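Peer 1: Take this structure first; my questions come after.
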Ligand code: SF4
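Residue numbers (the working numbering): 10 to 269.
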């Protein structure tokens, strides 16, 4: 907001008028609504084809494809971002996601890894879950810890990573480092990317909920442990069993990122 806009907002506030939205915030809100509705419709169509693990995986894959198609319209240059292979500050934060993504990750690991590598990945997930299970995501209760899927500075489930991981980006790696474990976060980031992937996650959750399935926000480590330890987790979730009970995300609502 520039000085003129700030003065107009202050004058409006003195007159008792509702503050005008920042133009960037209103464009982001429009984009969010459009992406969310697109994914809600697409996700509903996919789920209407039947209730099978394959449909759940297709739901997640089609949501990722949709998000990528929106991202091709992103006017922001990748060069303005600090994100690159080997920079993993954001992979030390708790991750919230929903059951389809959790089940997609577990299926990809089961399909892509040898029995020994799957057991090693599960051991990392269990070790992290033992430290973080059920805690609230405040800086004191949930200090920064490397994600169980972070291997040699890279995401080992990159192709199927949660949408919140795809949304995160920053123009300043040092700001990401400083933000770890802090209550207040200030950084510049690509709003288009953040909005698009966050809206796809919301649209996917809406489609899941409208089809009568559990769309609860889950903590990645706890939920993926359940999905990796139980080969029938997807069928049970589709049948309405509370397979992810106790894996709820517990975000710290004070730690919202500002528009930049
Ligand atoms: S799933 Fe991948 S991208 Fe997301 S926090 Fe873990 S390592 Fe990072």
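C-beta atoms are modelled at their ideal positions from N, C-alpha and C, and glycine is treated no differently. Since the structure is predicted, the reported quantities are computational estimates derived from the model, not experimental observations.
#1: With a threshold of 8 Å on Cβ separation, who are the neighbours of residue 245 within its own chain once the five nearest residues in sequence on each side are excluded?
#2: Whole-angstrom Cβ separation of residue 217 and residue 71, contact assumed at under 8 Å?
#3: Along the chain, where does the alpha helix (DSSP H) containing residue 149 start, and where does it finish?
#4: Identify every residue that forms a DSSP beta bridge with residue 163.
#5: Taking a contact to mean a Cβ-Cβ separation below 8 Å, would you say residue 113 touches residue 66 in this structure?
#6: With contact counted as at least three CB pairs below 8 Å, one residue from each stretch, are the stretch 43-54 and the stretch 207-223 in contact?
#7: Is any beta-carbon of chain B found at less than 8 Å from that of residue 162?
#8: Counting only the same chain and skipping the five closest in sequence on each side, list residues whose C-beta sits under 7 Å from that of residue 75.
#9: Kindly indicate which three-state DSSP category residue 106 falls into: helix, strand or coil?
#10: Does any heavy atom of the ligand SF4 sit closer than 7 Å to the C-beta of residue 118?
#11: Measure the Cβ-Cβ separation of residue 176 and residue 197 and say whether it is below 8 Å.
#12: Consider the C-beta atom of residue 55 and the heavy atoms of the ligand SF4; say whether any pair is separated by less than 7 Å.
#13: What span of residues does the alpha helix (DSSP H) with residue 225 cover, start to end?
#14: Hey, which unbroken runs of the alpha helix (DSSP H) at 4 residues or more fall wholly within the stretch 32-66?
Peer 2: A quick look at the data gives this:
#1: Excluding sequence positions up to five before and after residue 245, its CB lies within less than 8 Å of the CB of 239 and 252, all in the same chain and listed in chain order.
#2: That pair is no contact at about 13 Å.
#3: Here residue 149 belongs to no alpha helix (DSSP H), and DSSP marks it neither H nor E.
#4: DSSP lists 160 as partners of residue 163.
#5: In contact: residue 113 and residue 66 (Cβ atoms closer than 8 Å).
#6: Because the criterion of three Cβ pairs below 8 Å is met, the stretch 43-54 and the stretch 207-223 touch.
#7: Note that chain B does not occur in the displayed structure, where there is just one protein chain.
#8: Hits under 7 Å: 47, 48, 51 and 209.
#9: Here residue 106 sits in strand by DSSP.
#10: Checking the Cβ of residue 118 against the ligand SF4 gives no.
#11: Residue 176 places its beta carbon 8 Å or farther from that of residue 197.
#12: Set against 7 Å, the gap from the CB of residue 55 to the closest heavy atom of the ligand SF4 is not smaller.
#13: First-last for residue 225: undefined, no H or E at that position.
#14: Counting only runs of 4 or more residues that sit fully inside the stretch 32-66, the alpha helix (DSSP H) segments are 32-57, in chain order.
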